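Presented below is the structure to which this report refers.
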Amino acid sequence: MRTFAIRARDGVMELNYSEDSNRPPFRKFMITYNPKFSIGDNLENIKAALTGLPIDAAIIENSLDYEFSDTVIGINHQKIDIGLA
């Protein structure tokens, strides 16, 4: 299975792409959050990084922990529901 895993840290979104069910080797992408742009524009950088890569599943490694938070991450002190983005 071809996957990408996303881990949000303050100001950075780390993407790891795997062609072997989220196991190495990984293609790593580091996407810096730019507060001058909208959340949507920042999330477009994820789409641009992954364009052309076949993907079967996405994994959110550190989603926020509260009700209905399965696809919510925190970056730059903002909550982003990447499932709706």
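With our numbering, the residue at position 3 of the sequence shown is -17, and numbering never jumps. Yeah, the Cβ is synthetic: ideal placement off N, Cα and C, and Gly gets one too. Because the structure is a prediction, the values reported are computed rather than measured.
Point to revise | Contacting residues, own chain, Cβ-Cβ under 8 Å from alanine 65 (five flanking each side not counted) | key: In the sequence shown, residue 65 corresponds to position 85, counting from 1. Residue placement at alanine 65 cannot be trusted, given a pLDDT of 49 that sits under 50; what the coordinates show is reported in the next sentence. Cβ within range, chain order: Ile19, Gly20, Leu23.
Point to revise | leucine -5, DSSP secondary structure in three states | key: The residue given as residue -5 occupies position 15 in the sequence shown. Strand, per DSSP.
Practice item. Out of Glu(-6), Gly(-9), Arg(-11), Ser(-2), point me to the one whose CA is closest to threonine -17's CA. Key: By one-based count along the sequence shown, residue -17 stands at place 3. Nearest C-alpha to threonine -17: Ser(-2).
Exercise for review: Alpha carbon to alpha carbon, how far is proline 34 from proline 15? Give it in angstroms, no decimals.
Suggested key: Residue numbering aside, residue 15 sits at position 35 when the sequence shown is read from its first letter. Residue numbering aside, residue 34 sits at position 54 when the sequence shown is read from its first letter. Cα to Cα, the separation comes out at about 30 Å.
Check your understanding: Mapping DSSP to helix, strand and coil, what is glycine 20?
Key -> In the sequence shown, the residue the question calls residue 20 occupies position 40. Three-state DSSP puts glycine 20 in a helix.
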